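All remarks here apply to the structure that follows.
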Amino acid sequence: MKQAVLTSAETIEFSEIEKPVIKPNEILMKVKNVGICGSDIHAYYGKHPFMSFPIRLGHEMAGEVVEVGADVTGIEVGDLVTAMPQEFCHECEPCKSGRYNICNTLEVIGCQTPGAACEYFNVDAALIKKIPEGMSAELAATIEPAAVGVHAVRRSGSVKGMNVVVMGAGTIGNVTAQAALAEGAKSVLITDLSDYRLELAKSCGIPHAANTGKITMQEAIQEAFGDEGADIFFECIGIGAAVNQAIECSKKGHDIIIVGVYGSTPQINMAWVQDREFRLIGSLMYVDKDFQDTIDYMAAGKINMKPLISKVFKFDEYQEAFKYIEKNKDTSLKILIEM
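Counted the way this note's numbering counts, the sequence shown spans residues 13 to 351.
What follows is the structure, given as structure tokens:
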């Protein structure tokens, strides 16, 4: 089979390898779609803090089951599936407490272990999720990033009845805002410097959108929520300036959820974090319930990923897809590879 490997910065090479032979606990999928996410882009330029070369990308995936291991039940040949790309130990303290998304030895498929950027991919059946009838392979490949948003929204407990601010209207910011609404938020404001992405967010049902290059965050919050203000912030950009902006605009004693990936160590106003008793809460990936609930939300139309699919490239255009993203940063949200 053919595979695509990121061998060095800005270099994807294709090669032929043997088709996988599955273990009794695995399934083999014929890959249909693979997504490119922000982590992949960081890796492509050699700037991801937890990824190194060479690596076969592809942690967002959808495919058709073509072979089922002897010990696997509940999955059949012909099923359209996706996979949670988390390989964890089951033995460490986080795993035993159900937080295997932060397993002490966590490896992410397509980040630390070979991903699904290949024609056939073998996966532990325990990581497989079946796709509901009527959902396309393209949409199925977007479940993974949507689940990141669902997990983030749940990190401080519940957003039910809250006024929520999501900073950053890229894919993860967009799905976090949608997830907040699906989870019962009173209202949601999403901010960005891109009018295109803000309009896209509105088309996904986000009630308030503001360009904070044109008005201040405080003004945007006043326009969206009035004197009630914002109850919780989700930082989905990955820059220190955004965290500090949230710190400046948050109510005392409230939470700021860090969802963005940081390529460098930011300077944060920790004096105010201490003085105002803020909680800075990290969010990484998801657990099984988040992932399954995301599938259910998408099937019910509560999270709409279709507007976020900006363009689909053929497998042999993998390199061109990254070049396209570089030239069209503003309008590229979810780029898919079609096998």
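All C-beta atoms, glycine included, are put in the ideal place defined by N, C-alpha and C. Source: prediction; values computed, not measured.
Check this for me: beta carbons of H71 and P97, under 8 angstroms apart or not?
yes
Considering Cα atoms alone, identify which of Q230, R111, K323 is closest to E260.
Q230
Span of the beta strand (DSSP E) holding G75?
73-80
Suppose the cutoff is 7 angstroms on Cβ atoms and the five residues either side in sequence are ignored; what does the same chain contact list for A159 look like?
Y298, D302, F303, T306
Less than 8 angstroms between the C-beta atoms of L200 and V178, yes or no?
Before going further, note that residue 200 is Val rather than Leu in the sequence given. Yes, Cβ-Cβ distance for V200 and V178 is below 8 angstroms.
Between which two residues does the alpha helix (DSSP H) harbouring R291 extend?
Element bounds for R291: not the alpha helix (DSSP H) but the beta strand (DSSP E), 291-294.
Per the DSSP calculation, F65 is bridged to which residue(s)?
The partner list for F65 (beta bridge, DSSP) is empty, contrary to what the question assumes.
Are P157 and V187 close, meaning C-beta to C-beta below 8 angstroms?
yes
Since H220 contacts D243 with CB under 8 angstroms, what's their CB separation in whole angstroms?
Not really, about 14 angstroms apart at Cβ, beyond 8 angstroms.
Quick one: using the 10 Å Cβ neighbour count with 16 as the cut-off for buried, is P278 buried or exposed?
It is exposed - the Cβ of P278 has fewer than 16 other Cβ atoms within 10 Å.
Thinking C-alpha only, which one of N134, T125, F62 is nearest K35?
N134
Have a look at K44, I48, K14, L18 and flag the residue whose alpha-carbon is nearest the alpha-carbon of P32.
K14
Taking its Cβ as the centre, do 16 or more other Cβ atoms sit within 10 Å of T125, making it buried, or is it exposed?
exposed
In angstroms with no decimal places, state the Cα-to-Cα distance between S276 and G294.
16 angstroms
Residues in its own chain within less than 6 angstroms of A129 by CB, not counting five upstream and five downstream?
Counting only Cβ-Cβ distances below 6 angstroms, and skipping sequence neighbours, we find A16, V46, R68, L69, G70.
Kindly indicate the opening and closing residues of the alpha helix (DSSP H) around A159.
DSSP places A159 inside the alpha helix (DSSP H), whose first and last residues are 155-166.
Mind checking whether I114 and L345 have CB atoms under 8 angstroms apart?
no
Taking Cβ positions, are G169 and G196 nearer each other than 8 angstroms?
no
Using 10 angstroms around the beta-carbon of M282, count the other beta-carbons present and answer buried if the total reaches 16, otherwise exposed.
exposed
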